[in-house]
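In the numbering used here, the protein residues as written are -14 to 537.
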C-alpha cells in the first residue's frame, strides 16, 4: 500500500527548509585554537603553523578558522597558568571553539592541566608521554626510541663498514638526551665504538670533528650550550659541524635539513601539523580518531648523500628524497647517451645521402619545430613571470602591481552600483629599530609572521598587499570606515597578544580611508597615508580615520 501525503506542497517546503538548515550548519567554520609552546619565529613552530594554515586553506570539504596563542610569549610576561587561562577565557568569550591543538610538549601539558577548566570539545595534543581514555582527546607524538632506532638503521644500512659512531649533544634538557637510546641500540653491534661529545667549546668541537676517521658516522642530537655555558642555536652548530666533517652527519629533526646533514628518520613539523588537522577532520566526520597519526618521515638530502657516495634507497624505509634535481636523467643517462648517438648517426647519414632540396626542407622543418618549442617556452615563461610579478617574494602577498587594478575595480563598483569599500594602510611601529637590533633575518620573519596573521584574520573578499618595507595595504569590500576600524582593532589585539620579540610588544599605526564620490586612486592612497602619519605622530599604536580626522 502506498501512503500519499494530504499536503504535498507543505511537505516539500518542510524538506527544503530542513535541507537548508543542514547545509547552513555544515558550512559553518570550525574554530580551532592552536597553542604554540615556543615563539612563532622558531623554525619548528613557524613550519608547523605555516603547514597548518595551508592545509586548512586547501580543505575543500571543511571551513576552518584558526586562532594562534603563544604559551612561551606569555611566560616571558610572567603569567601563571591561571592568568594565561583567564586571558584565553576573556579573548574567546564570544567564540565557540570546536577544538584545541597543543602544538608540542609544553603546550600539550598545559592543555591537559586545563582540560576541566575549559571543557574543550576536542583536544589534539602532540606529546607521546601523555595518556588517557578520554574519547575526545588524541595524544600522539614521537616515540623517541622508534625514530632514533630508525635513524640508526638508516645510517648503518648506508655505511655497513662503520667502526665508530659519534653522538654530539650538549646543554639540552634531560628528556632530549639520546645517550641511553643510542647505547641500547649499539648493544646489538659490539664492534661499533660509541663516542659521546658533550664537553667542548665550539672551536674545540669543530677541531675534533675534522679529525674523525673515515670509518665513522656522526649522529647530531642538539647543542644548546657549550662547556662555558654560552647559549648556542642548534641548527647553526650543526651547519658548522657538517661543513668540517669528513664523514656523514645525521640528525633527528627535519628543521635541521639544508645544513649539510644527510637526513634520517626525522621528527617533522609539517607532517605533525597535517596529522593534527586530519585528526580533527576525522572526529568531525566520524566522531572518533584513528589509531595512528604520523609525526615523522624518512628523508635523505640527495646532494649530501652523493657527496659521501651513499645509496639513496634504504630497505624498508622508502625515504623522501630532498634536493633530487633530476632523478630520471641520472637513472637513464646511459640509455640517453645511446639514443643520442644513434640519432646523431642516422641524421648524419640522412644528410649525406639526401638530395639538396630534401636537406633544405629538413632544415626548415627543424627550424620550424625549434621555433614552435621556443615560442611555447616563451609563453610559459611569460606566464610564470607575470604571476611572479604580482607577488611579494618575501610574504607571498600581492604587490603594488597586483593591488592597484583591484582598487580601481572597487572604485568602479562604487561609482556604478554604490558598493562601498575601504582601504587601510598599516605601518609596523619601530621596525627599523628591530632590524638594527636583531638583524634582517628576524625582521623578515616578523614581516612573514605578520602577513600570516593578516591572512588568517581576513575575509576571502579582502585584498592584502605588501605596499613596501614594513607597510601593508588592505582593501576591504562591503564595509565602511567604522567597520574597518573595528577590523583593525581586532588585528591589533591579536598582534599584541601573539607578536613579541624579547619583551618588545609589536604594534602598528594605521590610516583608514573610505571610497567616496570624487575619489581617485592617488587621492585615496594619499589620504590613507596622511592619516597613518597622523597616527604615527600621535604616539603610534593607533588608527586614524582620514575623513573624520579622528584618533582611535
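Think of the CB as a built atom: it goes at the ideal place given N, C-alpha and C, for glycine as much as any other residue.
Annotated three-state conformation of residue 25 is coil, per DSSP. Given a length threshold of 3 residues, each whole run of the beta strand (DSSP E) inside the region 40 to 80 is given here in chain order: 49 to 55. DSSP assignment within the region 359 to 403 yields the following whole alpha helix (DSSP H) runs of 4 residues or more, N-terminal first: 385 to 402.
With contacts defined as CB atoms closer than 7 Å, residue 23 and residue 66 fail to qualify as a contacting pair.
The beta carbon of residue 14 sits closer than 7 Å to those of 48, 49 and 50, all from its chain and outside the five residues before and after it, given in chain order. Look at residue 326 here: in three-state DSSP terms it is helix. Between the alpha carbons of residue 408 and residue 432 lies a distance of about 20 Å.
In the displayed model, residue 210 falls within a strand according to three-state DSSP. Counting along the chain, no alpha helix (DSSP H) covers residue 124; the unbroken beta strand (DSSP E) around it starts and ends at 122 to 125. Three or more pairs of CB atoms, one per stretch, sit closer than 8 Å, so the region 242 to 250 contacts the region 284 to 296. Secondary structure note for residue 458: its beta strand (DSSP E) is the uninterrupted segment 456 to 462.
By DSSP's assignment, residue 108 forms a beta bridge with 85 and 122. C-alpha of residue 222 to C-alpha of residue 156: approximately 13 Å in a straight line. If you ignore the 5 residues before and after residue 26, its C-beta comes within less than 6 Å of the C-beta of 430, all in its own chain and listed in chain order. DSSP places residue 407 in the uninterrupted beta strand (DSSP E) bounded by 406 to 413. Scanning 447, 267 and 233 for the CA closest to the CA of residue 198 turns up 233. Rounded to whole angstroms, the Cβ separation of residue 182 and residue 152 is 7 Å, and the two are in contact under 8 Å. Contact between the region 506 to 514 and the region 487 to 494 is absent, with fewer than three C-beta pairs closer than 8 Å. If you keep only unbroken alpha helix (DSSP H) runs of at least 4 residues inside the region 182 to 242, you get 187 to 195 and 219 to 229. Below 8 Å, enough C-beta pairs join the region 435 to 448 and the region 376 to 394 to call them touching: three or more.
DSSP places residue 267 in the uninterrupted alpha helix (DSSP H) bounded by 254 to 271.
According to the DSSP assignment, residue 430 belongs to the alpha helix (DSSP H) that extends over 425 to 442. Here DSSP, grouped into helix, strand and coil, assigns residue 250 to strand. Taking C-beta separations shorter than 6 Å and ignoring five residues to either side along the sequence, the partners of residue 529 in its chain run 496, 516, 519, 520 and 536, following chain order. A straight-line Cα-Cα distance of about 9 Å links residue 230 and residue 192. If you ignore the 5 residues before and after residue 295, its C-beta comes within less than 6 Å of the C-beta of 143, all in its own chain and listed in chain order.
Counting along the chain, residue 495 sits inside the beta strand (DSSP E) bounded by residues 493 to 499. The region 26 to 44 makes contact with the region 250 to 257: 3 or more CB pairs, one atom from each, lie closer than 8 Å.
The C-beta separation of residue 123 from residue 114 comes to about 14 Å, leaving the pair out of contact by the 8 Å criterion. DSSP places residue 165 inside the alpha helix (DSSP H), whose first and last residues are 164 to 171.
If you draw a straight line from the Cα of residue 212 to the Cα of residue 178, it comes to about 24 Å.
The beta carbons of residue 163 and residue 133 sit about 6 Å from each other, so the pair counts as a contact at 8 Å. Beta-bridge analysis with DSSP links residue 16 to 50. Taking 7 Å as the cut-off, the Cβ atoms of residue 238 and residue 136 do not count as close. In this structure, 414 is the residue among 414, 259, 29 and 91 with its C-alpha nearest to the C-alpha of residue 523. The residues 123, 264, 267 and 268, in chain order, have a CB closer than 7 Å to that of residue 274 in the same chain once the five nearest residues on each side in sequence are set aside.
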